[in-house]
Amino acid sequence: MTYENRTDLAAADLVPVGIAVALTLVLWAVRSSTSVARLAVEGGQLTVTRNGETWRCDLASRATPIEVVGTPGRRGWKVVFARRGRPPYVVDSSVVDPAHFTRVLAHYRPDVVDRP
Numbered sequence: 344m345t346y347e348n349r350t351d352l353a354a355a356d357l358v359p360v361g362i363a364v365a366l367t368l369v370l371w372a373v374r375s376s377t378s379v380a381r382l383a384v385e386g387g388q389l390t391v392t393r394n395g396e397t398w399r400c401d402l403a404s405r406a407t408p409i410e411v412v413g414t415p416g417r418r419g420w421k422v423v424f425a426r427r428g429r430p431p432y433v434v435d436s437s438v439v440d441p442a443h444f445t446r447v448l449a450h451y452r453p454d455v456v457d458r459p
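According to the working numbering, the residues represented by the sequence shown are 344 to 459, in order.
If you want it as structure tokens, here you go:
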């Protein structure tokens, strides 16, 4: 009975499949193009490696200008490191866990971290 009542596959039936395949490809392309940053803190020195470039900052030095913007875990949170002659370096929630990074930063620079 199923064989006798079969219908031809219409182009309209393929549209949802095409959309799903296209979305999957777009998501895969975006995910594969995002870079992974590696952060390490040793002896007060923050080292960030991203896209083959390494940037270092002395967290322990009061001469290093650091600004914490927002509240950890909230939208817009970021830590801005001013650099002479270059644009500031920004660490945000796409790079680190905000709560953990704030605890590490507070250990070295309690003057820049707001404490509740």
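Heads up, the beta-carbon is just placed ideally off N, CA and C, and yes, glycines get one too.
W398 - partner residues in DSSP beta bridges: V391
If you draw a straight line from the alpha carbon of V439 to that of G395, how long is it in whole angstroms? 18 angstroms
From the DSSP output, read off the bridge partner residues of A383. T390
DSSP has D435 in a bridge; who is on the other side? BP columns for D435 point to K421.
Does the beta-carbon distance from G416 to P441 come in below 7 angstroms? Yes.
So, V423 versus E410, is the Cβ gap smaller than 7 angstroms? yes
Let me know the secondary structure DSSP gives V358 once reduced to three states. helix
Classify V434 as buried or exposed, calling it buried when 16 or more other Cβ atoms lie within 10 Å of its own Cβ. buried
Beta-carbon proximity list for A403, same chain, < 7 angstroms, skipping 5 on both sides: Excluding positions up to five away in sequence, the list reads G387, Y451.
Exposed or buried, which one is L370 when buried takes at least 16 other CB atoms within 10 Å? exposed
Sheet register partners of V412 (DSSP bridge): K421
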